[in-house]
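Notes for the one structure printed next.
What follows is the structure, encoded as structure tokens:
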């Protein structure tokens, strides 16, 4: 019986020790491979019905309880890249006073507290995000379709949100609907060197985002 | 009454065989094996590459020269890394490099039958392992992991050979092939199926 118990103990220890002899995925990633690009869209939106857009003049930096608007070199490049990508899809950039069909909010999210789960668009209720009054709809809120994919998070990320100004209350009173959203996540998303490839990726996977269909 | 007589005869036969076994090798044995496994079915859709990170170990008690019972343990790590791809979901798309992993740790009761006597140069055998396995599913989307850990019923029929290092040697070379099935479901995996090869050593303990 002693031998059996001894064997069982050795087997249990071996199970734990040898079980740890597995591939370690986080050690097997480049910085580029660590990133994911998530795009969400409102399936009720007709993207070819929009013609014009306006993009914010700075980036909201959203972190736990703190807020700021910044226009660093990174932010300028990011805004320019989004703007040119939308123009390449046929949308015309106009000033926000010219009643654009779409508004583009851009945010850097520095989420340092662990959140087990969150609702999509959670960043829109945090200090630092643009009030709907910025787009000429004071007193409005934001509406995020419930089908949006979300992840648990503890990280730095970037969010690009396209808001429907053409139909400002289509989901109820005083709500601007987010018809498209892109989230850039992973290592190096706040690095200027990666802006071009990241923005290209989210537009490449959003072929419906065009005036031509 | 007739069945009782048959039962008593069987027990006596078993005891006789046990005595013969005791004259050759001790009934208690352990085995340690290196294992490789090929995923099959929906598991191969998840991670198609063969796993070469595996092992198994067991302890057996010979009831007689032919039959033995015991416990088996093991480990296999299935892994595959994809190129960057776009994965569509409901009203969303995710561009990611995926690393798909599944770690399997079985614990099974095992019954074995030897197709040859103890003094044979090669002892083929068949066995059936029935028990449970800890299934650790981790799918990495870039650096973000989606995971679940749960237990599943696992059955493993096996065919193999034991080759003693000399007549009645307590140490034997062991090689076997086994099929593993578990009614395990997780995302794209609708059941767990793998074909596993094992190579190692079995030795009888005095």
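Chains as they are written, first to last, in the numbering used here: chain A, 3 to 215; chain B, 13 to 218.
For glycine and all other residues, C-beta sits at the position ideal for the given N, C-alpha and C.
What you are looking at is a predicted structure, and each value in this text was computed from that prediction instead of being measured.
Buried versus exposed, by CB contacts within 10 Å (16 or more), residue i
{"i": "residue 202 of chain A", "result": "exposed"}
{"i": "residue 201 of chain B", "result": "buried"}
{"i": "residue 188 of chain A", "result": "buried"}
{"i": "residue 189 of chain B", "result": "exposed"}
{"i": "residue 156 of chain B", "result": "buried"}
{"i": "residue 99 of chain A", "result": "exposed"}
{"i": "residue 125 of chain B", "result": "exposed"}
{"i": "residue 178 of chain B", "result": "exposed"}
{"i": "residue 77 of chain B", "result": "buried"}
{"i": "residue 209 of chain A", "result": "exposed"}
{"i": "residue 118 of chain A", "result": "Interpretation of residue 118 of chain A is limited by its pLDDT of 43, a score under 50 that renders its predicted location unreliable; no figure is taken from the coordinates."}
{"i": "residue 180 of chain A", "result": "buried"}
{"i": "residue 72 of chain B", "result": "buried"}
{"i": "residue 216 of chain B", "result": "buried"}
For residue j and residue i, the rounded distance between their alpha carbons
{"i": "residue 95 of chain B", "j": "residue 79 of chain A", "result": "28 Å"}
{"i": "residue 27 of chain A", "j": "residue 193 of chain B", "result": "26 Å"}
{"i": "residue 166 of chain A", "j": "residue 73 of chain A", "result": "24 Å"}
{"i": "residue 133 of chain A", "j": "residue 87 of chain A", "result": "25 Å"}
{"i": "residue 217 of chain A", "j": "residue 160 of chain B", "result": "What is shown of chain A runs 3 to 215, which leaves residue 217 of chain A out entirely."}
{"i": "residue 96 of chain A", "j": "residue 102 of chain A", "result": "6 Å"}
{"i": "residue 197 of chain A", "j": "residue 49 of chain B", "result": "42 Å"}
{"i": "residue 23 of chain B", "j": "residue 218 of chain B", "result": "Since pLDDT at residue 23 of chain B reaches only 36, below the 50 mark, its modelled position is unreliable, and the value read off the structure follows with that caveat. Approximately 24 Å, taken between the alpha carbons."}
{"i": "residue 190 of chain A", "j": "residue 37 of chain A", "result": "8 Å"}
{"i": "residue 88 of chain B", "j": "residue 196 of chain B", "result": "15 Å"}
{"i": "residue 31 of chain A", "j": "residue 64 of chain B", "result": "21 Å"}
{"i": "residue 47 of chain A", "j": "residue 199 of chain A", "result": "26 Å"}
{"i": "residue 158 of chain B", "j": "residue 25 of chain A", "result": "16 Å"}
{"i": "residue 171 of chain A", "j": "residue 137 of chain A", "result": "13 Å"}
{"i": "residue 113 of chain B", "j": "residue 61 of chain B", "result": "11 Å"}
{"i": "residue 70 of chain A", "j": "residue 59 of chain A", "result": "13 Å"}
{"i": "residue 207 of chain A", "j": "residue 29 of chain A", "result": "27 Å"}
{"i": "residue 23 of chain A", "j": "residue 57 of chain B", "result": "23 Å"}
{"i": "residue 33 of chain A", "j": "residue 66 of chain A", "result": "25 Å"}
{"i": "residue 81 of chain A", "j": "residue 191 of chain B", "result": "56 Å"}
{"i": "residue 180 of chain B", "j": "residue 198 of chain B", "result": "47 Å"}
{"i": "residue 162 of chain A", "j": "residue 150 of chain B", "result": "29 Å"}
{"i": "residue 214 of chain B", "j": "residue 184 of chain B", "result": "5 Å"}
{"i": "residue 168 of chain A", "j": "residue 186 of chain A", "result": "26 Å"}
Residues near residue i by beta carbon distance below 7 Å, same chain, minus five either side
{"i": "residue 212 of chain B", "result": "43, 44, 45, 46 and 186"}
{"i": "residue 152 of chain B", "result": "110 and 111"}
{"i": "residue 136 of chain B", "result": "127, 128 and 173"}
{"i": "residue 211 of chain A", "result": "49, 91, 182 and 205"}
{"i": "residue 52 of chain B", "result": "205, 206 and 207"}
{"i": "residue 194 of chain A", "result": "75, 76 and 79"}
{"i": "residue 214 of chain A", "result": "50 and 92"}
Short Cβ contact (7 Å threshold) for residue i with residue j
{"i": "residue 93 of chain B", "j": "residue 115 of chain B", "result": "no"}
{"i": "residue 90 of chain B", "j": "residue 59 of chain B", "result": "yes"}
{"i": "residue 39 of chain A", "j": "residue 204 of chain A", "result": "yes"}
{"i": "residue 98 of chain B", "j": "residue 107 of chain B", "result": "yes"}
{"i": "residue 164 of chain B", "j": "residue 142 of chain B", "result": "no"}
{"i": "residue 206 of chain B", "j": "residue 170 of chain B", "result": "no"}
{"i": "residue 42 of chain A", "j": "residue 183 of chain A", "result": "yes"}
{"i": "residue 118 of chain B", "j": "residue 166 of chain B", "result": "yes"}
{"i": "residue 102 of chain B", "j": "residue 210 of chain B", "result": "no"}
{"i": "residue 135 of chain A", "j": "residue 176 of chain A", "result": "no"}
{"i": "residue 126 of chain A", "j": "residue 145 of chain A", "result": "no"}
Presumed contact (8 Å Cβ cut-off) between residue i and residue j, rounded CB distance
{"i": "residue 178 of chain A", "j": "residue 131 of chain A", "result": "Not quite, the Cβ-Cβ distance comes to about 12 Å (not below 8 Å), so this is no contact."}
{"i": "residue 2 of chain A", "j": "residue 84 of chain A", "result": "The structure shown does not extend to residue 2 of chain A, since chain A is modelled only from 3 through 215, so no value can be given for it."}
{"i": "residue 147 of chain A", "j": "residue 44 of chain A", "result": "5 Å"}
{"i": "residue 54 of chain B", "j": "residue 203 of chain B", "result": "6 Å"}
{"i": "residue 36 of chain B", "j": "residue 145 of chain B", "result": "So it is not a contact: roughly 34 Å between Cβ atoms."}
{"i": "residue 35 of chain A", "j": "residue 66 of chain B", "result": "The pair is not a contact, with the Cβ atoms about 26 Å apart (cut-off 8 Å)."}
Close beta carbons around residue i, own chain, < 8 Å, minus the five adjacent residues each side
{"i": "residue 134 of chain B", "result": "128, 173, 174 and 175"}
{"i": "residue 55 of chain A", "result": "88, 93, 94, 95, 96, 102, 103, 104, 105, 106 and 164"}
{"i": "residue 158 of chain A", "result": "110, 111, 112, 113, 191 and 192"}
{"i": "residue 70 of chain B", "result": "42, 43, 82, 83, 84, 85 and 122"}
Own chain partners of residue i with C-beta closer than 6 Å, once the 5 adjacent residues on each side are dropped
{"i": "residue 148 of chain B", "result": "115 and 161"}
{"i": "residue 132 of chain B", "result": "none"}
{"i": "residue 61 of chain A", "result": "72, 77, 108 and 110"}
{"i": "residue 182 of chain B", "result": "37, 215 and 216"}
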